[in-house]
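>
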Amino acid sequence: MAWQDMGDSIKKVAESEPRPTSKLGAIGSIAWLSVLAGVIVAAIFVPGTAFLASTSNKVSKDVVDLPLALQDLPNPQTTRLIASNGKRVAYFYQENRQDVPLKKIAPVMQTAIISIEDYRFYEHGALDLKGTLRALMNNASDGNTQGGSSITQQLVKLTLVQQATTKEQRAAATEVSTARKIRELKLAINYEKKYSKDEILEHYLNIAYFGDGAYGIRAAAYHYFSVSPDKLSTAQAATLAGLVQNPEQFNPRIYPERALQRRNTVLGVMARLGKIPEAEAEELSATPIGLKITSFPNGCVDSEAAFSCDYIRRYLLQEPALGETVKERQAMLERGGLTIKTNIDLSMQKAVNKAVTKYVGDTDKAIGSLALVEPGTGKVRAIGQSRSMGKGKGETYINFSVPRRYGDSNGFQAGSTFKMFTAAAALEDGIPASKSYNSPQTMRIPTGTYFDCDGNGTGQWEVKNSTGAGGFNMVTGLRRSVNTYFAQLERDAGLCETVKMAKRMGIPTAEPDIDKGSPGSYIPSFTLGPIDVSPLDMAAAYATPAAGGMYCEPAPVAEILDRSGKTIKKYKPECKRAMSKKTAATINAILVGLQQPGGFGYSNGTGLSIPSAAKTGTTNDSKAVWYTGYTPEISAASMIAGINKKGQPAGLVGTTLRGTPVSFSQAGGSSLAGPQWKAAMGEIEKSLTPAKFDSVTLPSAPRATKKGGGGDDDRPGRGRGRGGDDD
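Structure follows, in structure tokens:
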């Protein structure tokens, strides 16, 4: 159609419409049609800014500033977080939408939406003149926006709203005005020059809002009927097509009667247009809607792996591949339609969830936590804790299982689990496992015995045993967790080298600050675990000897794919050698003893049917108890810690766990954290192979007379080391 004939065409169409009876009635029919024709022609030929400025003295600057050409920006898409087996862990989105091509949308769905929204869609150009004039005439007469927009015009409006970057621009894109309507006409004309009708229909079905949080036809089909859009039936398609006019008013989940009436209206229109037989429309109108709701929970709260999910979310917010800033990365997560392939094993996650809730209640003044890491790769297989995610009673958003930057918990002292670092440092320094010390019940170690890496000496240290006294070598000293033995071993291995060994295995350490008078991590009691750590830290550290001395950074994510399936980043294990294979084999051989008859763990039922090793830990005032154990295939750190209302460490003794009071004698690593470890690993071992550790010959125990207590766990003693643990 030639543009100069536009006015005549408009006049012919408009003459079939009722004349306005108010405000403009005095102008007369001919004058009214001329004005209306001129307005539309102006919308086509006059530059956008000038047109808007001249057609309304109420047009805001935000309307003028909106682009006159739609940007080719992708629709916001839902990001999927999936487990190692491909099953969904969670969704992240601002708008729940996953675009699909037109060929994957049932033809009857295409027919239904065209029938009810724009039945001449494939016949007219960018403008449905009859519908547009009807809307403009009514707007001019009473100030109310009325229907009549073509599918292309609706698409333009939805796109403008979506692309608006400010609150004011969003308001401008939806304001009730003839100026806004005509601006959409101009954009629609340009849009139809660029895209085919099929492309426009595809874009429309993917951007339309169908209510109840479902954006686009794919989300709507799955949400309301649990089917893919290519499987929609006629009745289902009519239901969804009827929603776009007013998604909230016709929401079938909330207003089933309204939705039913609206669906039947769509079926009636389809029959009247000859798209379906009248008999079929009548038959389908007598059937119920038949909803089969599928929910798309946004975020981690409702996930079966809630805290694993949240750890991964915060991990990705620090991933440069997703953007330069946290804001950009969050936008990618919530709008980018990514597929995040994680290393979470849902079967292991299930075992962890069951274990932590079995031993610690959600309202107990304590937290039970487990973290699983795969030796040799660093893959994080599961994270769980006894409190659910949320803000209700017995719930929390603090992730006690991971480092502070990922979960807002400062961590907990890990007790005698740190003795493994001292043993590793000693073995690497050439001190053999046969090294023996006379280890009395108490020792007063003088100032200047220990030195940091700059040669600065430390203060006096008084240390006491709770597991007996006498002659011990590294094997018996580590298995029985003898404090005075390790005080001497740390002295000979070097405090500096011991701290460095822990650091090589991922333990957070602090350098001395001379100006502030802080020794950092360089205190004599380092071997007794005075440093706040997370279960994830400890699981990764103990995966090191399991992997033959290779420490691997915890890796929760395997791969990130964009919306088209193209790899954004594929993660490779980040591993480095922390100790020799011989040192690792020696540590494994020693710690296997805790899982065998006579060991602290075994006596509390922690033994497995496959080779395993472990170390216990108990902190000052029994604020936290640990059992960190591993097989060649999985390392698991189990912790039960007392906490106050603010989630900070508090004593366990005197609290109750699942209604059972915790006494001093019960607050031990093998007696509390050990059973929790076994509850998870007893299930997990069923999926593991009976892999063996490298064999090594250990020295026999030295001949010595044991004196003093000699309990069956590394219990806290009465003496106190600076910032340390006396177990």
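Take 0 as the starting number for the sequence shown in numbering that gives the first Met the number 0 and just add one per residue. Heads up, the beta-carbon is just placed ideally off N, CA and C, and yes, glycines get one too. Everything numeric in this text was worked out from a predicted model, so none of it was measured.
Does DSSP classify Arg479 as helix, strand or coil?
Arg479 falls in the coil class under three-state DSSP.
> Give the list of continuous alpha helix (DSSP H) stretches no shorter than 4 residues that lie fully inside the region 304–330.
Correct list: 305–315.
> Look up Cys495 in the DSSP assignment and say whether it is helix, strand or coil.
If DSSP states are grouped into helix, strand and coil, Cys495 belongs with the helices.
> Going by CA-CA distance only, name the one from Glu256, Thr475 and Gln161 that's closest to Gly467.
The shortest C-alpha separation from Gly467 is found at Thr475.
> Measuring only the C-alpha atoms, how far is Lys691 from Pro631?
If I take the Cα positions, the gap works out to 7 angstroms.
> Once you ignore the five residues that flank His222 on each side, which residues in its own chain have a CB closer than 6 angstroms to its CB?
Ala213 and Thr293, listed in sequence order.
> According to DSSP, which residues form a beta bridge with Val462?
Met442, per the DSSP bridge assignment.
> Would the C-beta of Ala413 count as close to the ligand SAM, meaning under 6 angstroms from any of its heavy atoms?
Judged by which ligands are present, the structure shown has none, so any question about the ligand SAM falls away.
> Considering only the alpha carbon of each residue, which of Ile559, Gly564 and Pro534 lies closest to Tyr570?
Closest by alpha carbon: Ile559.
> Work out the CA separation of Ser307 and Ile382 for me, nearest whole Å.
Roughly 5 angstroms between the two C-alpha positions.
> Comparing alpha-carbon positions, which option in Gly391, Phe399, Gly375 and Gly641 lies nearest Gly547?
The residue with the shortest Cα to Cα distance from Gly547 is Gly375.
> Lys568 bridges to which residues according to DSSP?
Paired residues: Ile559.
> Just tell me which of Glu394, Ala540 and Asp561 has its CA closest to the CA of Gly338.
Per the sequence shown, residue 338 should be read as Thr rather than Gly. Ranking Glu394, Ala540 and Asp561 by Cα distance to Thr338 puts Asp561 first.
> For Val652 and Phe417, I'd like the C-alpha separation in whole angstroms.
Those two C-alpha atoms are separated by around 22 angstroms.
> Taking 7 angstroms as the cut-off, decide whether the C-beta atoms of Ala350 and Ile683 are in contact.
Going by C-beta atoms, Ala350 is nearer than 7 angstroms to Ile683.
> Do Gly667 and Thr605 have their CB atoms nearer than 7 angstroms?
Contact: no.
> In its own chain, which residues sit with a C-beta less than 6 angstroms from the C-beta of Asp117, not counting the 5 before and 5 after it?
Excluding positions up to five away in sequence, the list reads Ser149 and Ile150.
> Just to confirm the assignment: which complete alpha helix (DSSP H) runs, minimum length 4, are found wholly within the region 382–430?
You should have 403–406 and 418–427.
> Along the chain, where does the alpha helix (DSSP H) containing Tyr90 start, and where does it finish?
Note, Tyr90: premise wrong, no alpha helix (DSSP H); beta strand (DSSP E) at Arg87 to Phe91.
> Is it right to say Ile513 is buried, meaning 16 or more other beta carbons lie within 10 angstroms of its own, or is it exposed?
So Ile513 counts as exposed.
> Mapping the DSSP letters down to three states, classify Phe663 as helix, strand or coil.
DSSP places Phe663 in coil when its eight states are reduced to three.
> Could you give the DSSP three-state label for Pro648: helix, strand or coil?
If DSSP states are grouped into helix, strand and coil, Pro648 belongs with the strands.
> Suppose you measure from the CA of Asn464 to the CA of Phe525; what does that come to, to the nearest Å?
About 15 angstroms.
> What span of residues does the beta strand (DSSP E) with Met549 cover, start to end?
First-last of the beta strand (DSSP E) with Met549: Met549 to Cys551.
> Around the Cβ of Val58, are there at least 16 other Cβ atoms within 10 angstroms (buried) or fewer (exposed)?
In this prediction, Val58 scores a pLDDT of 43, lower than 50, which makes its location untrustworthy; the coordinate-derived value is nonetheless stated afterwards. So Val58 counts as buried.
> Does the separation of the CB atoms of Gly592 and Arg479 fall below 7 angstroms?
No, these two residues do not count as a Cβ contact at 7 angstroms.
> What whole-angstrom Cβ distance do Asp536 and Gly505 have, given they're in contact under 8 angstroms?
Indeed, because the Cβ distance is near 6 angstroms, the residues count as touching under 8 angstroms.
> Can you find the residues in the same chain that come closer than 7 angstroms, C-beta to C-beta, to Ala540, ignoring five residues on each side of it along the sequence?
Hits under 7 angstroms: Met504, Gly505 and Ile506.
> Output the distance between the C-alpha atoms of Glu394 and Gln384, rounded to the nearest integer angstrom.
Going by the C-alpha atoms only, they are around 10 angstroms apart.
> Could you check if Ser408 is buried or exposed, using at least 16 other CB atoms within 10 Å of its CB as the buried criterion?
Ser408 comes out buried.
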